[in-house]
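**Student:**
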Amino acid sequence: MSTGAMAAIEGGVPSVAIYVTVPDKETGKKIASALIESKLAACVNMIPGVESMYWWEGKVETDQELLLMIKSRQSLVNEVTAKVNEVHPYDVPEVISVPITGGSDKYLQWLADSTTGNAAA
(Lines of atoms letter the chains of each structure in order from A; the text may use other names.)
(Lines give C-alpha, C1' and ligand atoms only; values in the text may rest on other atoms or scores of the structure.)
Protein backbone atom coordinates (compact mmCIF):
# COMPACT_ATOMS: atom_id res chain seq x y z
CA MET A 189 0.00 0.00 0.00
CA SER A 190 1.28 3.48 -0.85
CA THR A 191 2.25 5.95 1.84
CA GLY A 192 -0.70 8.11 0.74
CA ALA A 193 -3.11 5.25 1.39
CA MET A 194 -1.48 4.56 4.74
CA ALA A 195 -1.79 8.24 5.72
CA ALA A 196 -5.46 8.30 4.74
CA ILE A 197 -6.14 5.13 6.69
CA GLU A 198 -3.81 5.45 9.68
CA GLY A 199 -4.11 9.05 10.77
CA GLY A 200 -4.85 11.23 7.80
CA VAL A 201 -8.29 12.59 7.05
CA PRO A 202 -10.50 9.87 5.47
CA SER A 203 -11.45 11.11 2.01
CA VAL A 204 -14.10 10.18 -0.55
CA ALA A 205 -15.00 10.63 -4.19
CA ILE A 206 -18.69 11.47 -4.50
CA TYR A 207 -20.50 10.89 -7.79
CA VAL A 208 -23.47 13.00 -8.86
CA THR A 209 -25.12 13.04 -12.29
CA VAL A 210 -26.63 16.29 -13.59
CA PRO A 211 -28.74 17.12 -16.64
CA ASP A 212 -26.53 19.91 -18.01
CA LYS A 213 -23.37 21.97 -17.57
CA GLU A 214 -25.23 24.89 -15.98
CA THR A 215 -26.56 22.64 -13.20
CA GLY A 216 -23.11 21.09 -12.77
CA LYS A 217 -21.48 24.51 -12.37
CA LYS A 218 -24.16 25.63 -9.91
CA ILE A 219 -23.64 22.55 -7.72
CA ALA A 220 -19.84 22.71 -8.03
CA SER A 221 -19.80 26.40 -7.04
CA ALA A 222 -22.06 25.78 -4.04
CA LEU A 223 -19.81 22.94 -2.81
CA ILE A 224 -16.49 24.72 -3.42
CA GLU A 225 -17.61 28.05 -1.93
CA SER A 226 -18.87 26.33 1.23
CA LYS A 227 -15.62 24.31 1.46
CA LEU A 228 -17.56 21.05 1.28
CA ALA A 229 -15.44 19.96 -1.69
CA ALA A 230 -11.80 20.46 -2.62
CA CYS A 231 -12.41 19.82 -6.31
CA VAL A 232 -15.32 19.01 -8.61
CA ASN A 233 -14.63 17.50 -12.04
CA MET A 234 -17.44 17.87 -14.60
CA ILE A 235 -17.28 14.95 -17.02
CA PRO A 236 -19.48 15.37 -20.12
CA GLY A 237 -20.86 12.70 -22.42
CA VAL A 238 -22.38 10.33 -19.86
CA GLU A 239 -25.34 8.32 -21.12
CA SER A 240 -27.46 7.03 -18.25
CA MET A 241 -30.03 4.24 -18.49
CA TYR A 242 -32.27 3.71 -15.47
CA TRP A 243 -35.70 2.75 -14.18
CA TRP A 244 -38.04 5.67 -13.50
CA GLU A 245 -41.74 5.40 -12.70
CA GLY A 246 -42.03 1.86 -14.06
CA LYS A 247 -40.17 2.27 -17.33
CA VAL A 248 -36.62 2.35 -18.64
CA GLU A 249 -35.32 5.85 -19.41
CA THR A 250 -32.15 6.97 -21.19
CA ASP A 251 -30.66 10.46 -20.80
CA GLN A 252 -27.51 12.37 -21.68
CA GLU A 253 -25.95 13.73 -18.50
CA LEU A 254 -22.73 15.03 -17.00
CA LEU A 255 -21.01 13.26 -14.14
CA LEU A 256 -19.65 15.30 -11.25
CA MET A 257 -16.71 13.70 -9.45
CA ILE A 258 -16.49 15.51 -6.12
CA LYS A 259 -13.50 15.07 -3.78
CA SER A 260 -14.19 15.69 -0.11
CA ARG A 261 -13.78 14.40 3.42
CA GLN A 262 -15.72 11.34 4.48
CA SER A 263 -17.04 13.33 7.44
CA LEU A 264 -18.70 15.82 5.06
CA VAL A 265 -20.69 13.33 2.93
CA ASN A 266 -23.99 14.14 4.66
CA GLU A 267 -23.43 17.89 4.23
CA VAL A 268 -22.45 17.43 0.57
CA THR A 269 -25.58 15.33 0.02
CA ALA A 270 -27.77 17.98 1.65
CA LYS A 271 -26.23 20.75 -0.48
CA VAL A 272 -26.67 18.71 -3.68
CA ASN A 273 -30.31 17.98 -2.77
CA GLU A 274 -30.86 21.71 -2.13
CA VAL A 275 -29.55 22.76 -5.56
CA HIS A 276 -30.25 19.76 -7.84
CA PRO A 277 -33.35 19.80 -10.09
CA TYR A 278 -33.97 16.01 -9.99
CA ASP A 279 -36.55 14.50 -7.63
CA VAL A 280 -34.03 11.78 -6.70
CA PRO A 281 -30.47 12.98 -7.39
CA GLU A 282 -27.75 10.37 -7.56
CA VAL A 283 -25.31 11.01 -4.72
CA ILE A 284 -22.98 8.10 -3.96
CA SER A 285 -19.60 8.10 -2.25
CA VAL A 286 -16.60 5.83 -2.63
CA PRO A 287 -13.69 5.83 -0.17
CA ILE A 288 -10.33 7.05 -1.42
CA THR A 289 -7.93 4.39 -0.17
CA GLY A 290 -4.72 5.75 -1.62
CA GLY A 291 -3.09 8.42 -3.71
CA SER A 292 -0.54 11.19 -3.64
CA ASP A 293 0.32 12.30 -0.10
CA LYS A 294 0.42 15.94 -1.23
CA TYR A 295 -2.95 15.70 -2.98
CA LEU A 296 -4.64 14.01 -0.03
CA GLN A 297 -3.23 16.67 2.32
CA TRP A 298 -4.42 19.43 -0.01
CA LEU A 299 -7.87 17.79 -0.13
CA ALA A 300 -8.01 17.74 3.68
CA ASP A 301 -6.77 21.34 3.96
CA SER A 302 -9.32 22.56 1.38
CA THR A 303 -12.41 21.01 2.93
CA THR A 304 -13.44 22.41 6.26
CA GLY A 305 -17.17 22.58 5.62
CA ASN A 306 -17.10 26.24 6.65
CA ALA A 307 -16.75 28.98 4.03
CA ALA A 308 -15.41 31.38 6.66
CA ALA A 309 -12.51 29.08 7.57
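Residue numbers (the working numbering): 189 to 309.
The beta carbon of each residue, even a glycine, is placed where N, CA and C say it ideally should be.
Go ahead and pull the three-state DSSP assignment for ALA230.
**Tutor:** In the sequence shown, residue 230 corresponds to position 42, counting from 1. Looking at ALA230 - three-state DSSP - the assignment turns out to be coil, as it is neither helix nor strand.
**Student:** Which residues in the same chain have their Cβ closer than 7 Å to the Cβ of ILE224, if we skip the five residues on either side of it in sequence?
**Tutor:** Numbered from its first residue, the sequence shown carries residue 224 at position 36. The answer, listed in chain order, is VAL232.
**Student:** Between ASN147 and LYS294, what straight-line distance do the alpha-carbon atoms span, to the nearest angstrom?
**Tutor:** The shown model of the chain, from 189 to 309, leaves out residue 147, and the question about it has no answer.
**Student:** Quick one, which of GLY290, VAL286, THR209 and LEU255 has its alpha-carbon nearest LEU264's?
**Tutor:** To locate residue 264, count along the sequence shown from 1; it is residue 76. Answer by Cα proximity: VAL286.
**Student:** Less than 8 Å between C-beta atoms, sequence neighbours within five positions excluded: which residues of the same chain meet that for ARG261?
**Tutor:** Within the sequence shown, residue 261 is the residue found at index 73, counting from 1. So the list reads VAL201, PRO202, SER203, VAL204, LEU299, ALA300, THR303 and GLY305, once near-sequence residues are dropped.
**Student:** Under 9 Å, do LEU256 and GLY290 count as touching if we go by C-beta distance?
**Tutor:** By 1-based counting over the sequence shown, the position of residue 256 is 68. By 1-based counting over the sequence shown, the position of residue 290 is 102. Not a contact, by the Cβ cut-off of 9 Å.
**Student:** GLY237: which of ALA222, LYS218, THR209 and GLN297 sits nearest, CA to CA?
**Tutor:** The sequence position of residue 237 within the sequence shown is 49, counting from 1. Out of ALA222, LYS218, THR209 and GLN297, THR209 has the C-alpha closest to the C-alpha of GLY237.
**Student:** Consult DSSP for SER221 and reduce its assignment to one of helix, strand or coil.
**Tutor:** Start at 1 with the first residue of the sequence shown, and residue 221 comes out as number 33. The answer is helix: DSSP assigns SER221 an H, G or I state.
**Student:** Opposite PRO287 in the DSSP bridges: which residues?
**Tutor:** Here residue 287 is taken as the residue at index 99 of the sequence shown, counted from 1. Per DSSP, VAL204.
**Student:** Does the distance from the C-beta atom of HIS276 to that of ILE219 stay below 9 Å?
**Tutor:** Numbered from 1 along the sequence shown, position 88 holds the residue referred to as residue 276. Numbered from 1 along the sequence shown, position 31 holds the residue referred to as residue 219. Yes, Cβ-Cβ distance for HIS276 and ILE219 is below 9 Å.
**Student:** Would DSSP call GLY246 helix, strand or coil?
**Tutor:** Residue 246 sits at position 58 when you count from the first residue of the sequence shown. Coil, per DSSP.
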